[in-house]
Each structure stands twice: as C-alpha cells, then as structure tokens.
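Which chain is which? The protein sequence lines are H and S, in order. Take the first sequence: its letter number 181 is residue 181 in the numbering used here, and every next letter is one higher. In the numbering used here, each number is its position in the second sequence, counted from 1, plus 185. Using N, Cα and C, we set each Cβ at its ideal position, and we do this for glycine too. Owing to the predicted nature of the structure, the values given are computational and were not obtained by experimental measurement. This report concerns only the one structure given below.
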Amino acid sequence: MRRRSRTAALVLVGVMAVLLLAAFALPANAEVLQGDCTGGAVFSNGASVTERQPLNQVVAVPAADTVRYVGDTNLEPLGPDEKESFSGGVSVALPWGSVTVVSWSGETDKTADRGSYTYDVSGLVPEGTGGVEVTATHTQRGQTCIVAVTMSVDGDPGWQAFTAAGLTALSAVGVAGAGVKRSVK
Amino acid sequence: MKGRPILGVISGFLFGLLLGVTLFLFGALPLNSPWLLVLPVLGIVLGLVMAAWAPFGGGQTDEPTQDAPAQPSGTTLEQDAIPPLDEGGRTFDGPSDADPPEAGTSDDT
Chain H
1 MRRRSRTAAL
11 VLVGVMAVLL
21 LAAFALPANA
31 EVLQGDCTGG
41 AVFSNGASVT
51 ERQPLNQVVA
61 VPAADTVRYV
71 GDTNLEPLGP
81 DEKESFSGGV
91 SVALPWGSVT
101 VVSWSGETDK
111 TADRGSYTYD
121 VSGLVPEGTG
131 GVEVTATHTQ
141 RGQTCIVAVT
151 MSVDGDPGWQ
161 AFTAAGLTAL
171 SAVGVAGAGV
181 KRSVK
Chain S
186 MKGRPILGVI
196 SGFLFGLLLG
206 VTLFLFGALP
216 LNSPWLLVLP
226 VLGIVLGLVM
236 AAWAPFGGGQ
246 TDEPTQDAPA
256 QPSGTTLEQD
266 AIPPLDEGGR
276 TFDGPSDADP
286 PEAGTSDDT
C-alpha cells in the first residue's frame, strides 16, 4: 500500500511538472499588423513601443506614467475646412476572444497626431504578469489599421500571485484527497 | 470509483484554473494563452483519474471480511505457548503481586 501511494505521489508530481514545462514551452506569437498606420510611444522607464514591435516581445511599462506618443494614418492631409469621421478602439486579447477597454469615434481634421497622455493603472492591474496582448484599431477614410503589441506592467509579482499560488497548493491537496479510498460501511 | 469523484472534479477544476492564473501572475503565461482554458480541463481529468485510482488510504471496512487470511505454509500456531486465562482475563500463573489484599485480613484493630 505504501509503495502504491508513493507511486501515485510520483505520478501527481510528474503530471504537474509536465504541465509546467508545457506551459513554459509556448510557441512565440506572430506579429499582427494591418494597414499603413505608423506610431510609437515612449515611457519614462525607457521602454518604447512601435507598430513594428513583434508580438512575442513583452514591453514592460510603468503602472503610472506620462507617455509621449506619435501616430500617423499616412493618409493625404485634409483641406483647411475639411473633416472626416473616424472610429477605433483598444482591446485586450483573452484566451476566449477579446474585450474592448477603450473606444473612440467622431470627426477630425487630422490624419496624424502627437502629444502626451497620462495614465495610472496601479491597483487595477497586477505587476509582473505575463504579457497582455493589446490591439489598437483605427478606421479613417475607409482604411483600417490594426496594430497589436504585447505589454505588461513593470514590477515584481505582488500579493495576488502569492495568494493564487497558495490557493493552487490548497486545491492540489483536494486533488490528492480525491484519491483517498472511501471507507465501506 | 474507489475514491471521491465529485471532490476530484471540483478540486481538479480549481487546481487547473488557479494554476493557470498563478502562471499568468508570475509572468510565465500570457493572458491570451490557450493553456488558461486547457489547464482546468486537464485538472478535471486529473481529479477523475485520482478518484478512479484511489491510491491513498487503507479503505477500512466495518464488516469482517469473508475470507480469512491464509496461513503461510510451513508455520503453525503454537497453542501451548499461550498461557490460559482465568475469568478475569488474567493469566493463570498464580496470584499477582498487584492483587489487593482480601477484606478482613487487616491487623489495624
């Protein structure tokens, strides 16, 4: 009986090790880019991102920052009093699809823009996580640009990660408990 | 199933789900990884396999078993080596030193 239990424990550990190794051996994603748009952003920690950033490279950005950005649709500039409609948004890819986090629409007289934008996601997004694929879409004058980058919040894993690890260990005990023979009454 | 399949399904699902979340939070998995969907399913399978296998525990029963354990060949019970018991369950080797004195034999008066 003791030998059987030892074998079962080894099988459990082996299965978990295979799962972990398989998870680490993920193939790199392919870069996704549609349209002729170009752009980039520079963060205060030195990180920068452009439309040519490969998706398998994770860009770690600060949780709160003022980012300098530049974007160009590479369309012909409009006349002095001309305006045209535009729409777009930013979505985050999930294992089962994506969710739109920001969307925009309206009329503009610009085909390019530059400036700075201040954001703060500290407390909302955990630090040090795996890459989050962020896709930006912009449609103007019949042209749709899709630019995707993989980002994460700079920093070390926080209490959320250690809480999840503890709960994982607890549920592993439950899995082992499922292998305990029921007593026959 | 000899083990606990319901516990296996629930805890296996939670194990796979939380393992995926942990790997993401520690930076080992991207958020859009298919492993975040696969791991809970593998956890359920693992829980069911453990419940079917049930390698842990003795499986104690309250009823006596029908088949007595076979006596190993070449060995015999040596009945003579077991001392006989009296009514109190004590061995019949004579009075014990721990026996209390009988009533009425005291010399206190």
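By the 9 Å beta-carbon criterion, what residues does the segment 119-140 of chain H contribute toward chain S? P126, G128, T129, G130, G131, V132, E133
For H/T66, go through chain C and note every residue whose CB falls closer than 7 Å to its CB, in chain order. Given the protein chain composition of this structure (H and S), no chain C is represented.
What is the residue span of the alpha helix (DSSP H) that S/V234 lies within? Taking the first residue of the second sequence as 1, we reach residue 234 of chain S at position 49. Residues 220-238.
For H/T100 and chain S, any beta-carbon pair shorter than 8 Å? Start at 1 with the first residue of the first sequence, and residue 100 of chain H comes out as number 100. The beta carbon of H/T100 sits no closer than 8 Å to any beta carbon of chain S.
Going straight from the alpha carbon of H/C37 to that of H/T129, what length do you get? The residue labelled residue 37 of chain H in the question sits at position 37 within the first sequence. The residue labelled residue 129 of chain H in the question sits at position 129 within the first sequence. The alpha-carbon atoms of H/C37 and H/T129 are separated by roughly 29 Å.
My output table needs one value for H/Q34: the three-state DSSP class, helix, strand or coil. Within the first sequence, the letter at position 34 stands for residue 34 of chain H. In the structure shown, the three-state DSSP call for H/Q34 is strand.
Which ranges would you report for the beta strand (DSSP E) in the segment 105-155 of chain H if only whole runs of at least 3 residues count? Complete beta strand (DSSP E) runs here, min 3: 112-120, 132-140, 143-153.
Which class does H/G40 belong to by DSSP, given the choice of helix, strand or coil? Reading the first sequence from its first residue, position 40 is the one you call residue 40 of chain H. In the structure shown, H/G40 sits in a strand (DSSP, three-state: E or B).
Could you pull the start and end residues of the alpha helix (DSSP H) that H/A178 belongs to? Residue numbering aside, residue 178 of chain H sits at position 178 when the first sequence is read from its first letter. From DSSP, H/A178 is part of no alpha helix (DSSP H); its letter is neither H nor E.
Does any C-beta atom of chain S lie closer than 8 Å to the C-beta of H/I146? Here residue 146 of chain H corresponds to residue number 146 of the first sequence, with the count starting at 1. Output row for H/I146: interface = no.
Please classify H/S91: is it buried, with 16 or more other beta-carbons within 10 angstroms of its beta-carbon, or exposed? Reading the first sequence from its first residue, position 91 is the one you call residue 91 of chain H. Buried, because 16 or more other Cβ atoms sit within 10 Å of the Cβ of H/S91.
Buried or exposed: which applies to S/I191, given that a residue is buried once 16 or more other Cβ atoms fall within 10 Å of its Cβ? Indexing the second sequence from 1 puts residue 191 of chain S at position 6. Flag for S/I191 reads exposed.
Does the beta carbon of H/Q34 come closer than 8 Å to any beta carbon on chain S? Within the first sequence, the letter at position 34 stands for residue 34 of chain H. Output row for H/Q34: interface = no.
Closer than 8 Å, CB to CB, is S/Q251 near chain H or not? Mapped onto the second sequence, residue 251 of chain S falls at position 66. Caution is warranted here: a pLDDT of 49 is assigned to S/Q251, below 50, making its placement in the model unreliable, and the coordinate value is therefore given only provisionally. So no, S/Q251 is outside the interface.
Residue span of the beta strand (DSSP E) that contains S/L202, given as start and end: Within the second sequence, residue 202 of chain S is the residue found at index 17, counting from 1. First-last for S/L202: 190-210, but that is the alpha helix (DSSP H), not the beta strand (DSSP E).
Simplified DSSP state of H/T168, which is helix, strand or coil: Here residue 168 of chain H corresponds to residue number 168 of the first sequence, with the count starting at 1. Helix, per DSSP.
Distance cutoff 8 Å, beta carbons only. Does H/P62 sit that close to anything in chain S? Stepping through the first sequence from its first residue, residue 62 of chain H is reached at position 62. No, its Cβ sits nowhere closer than 8 Å to a Cβ of chain S.
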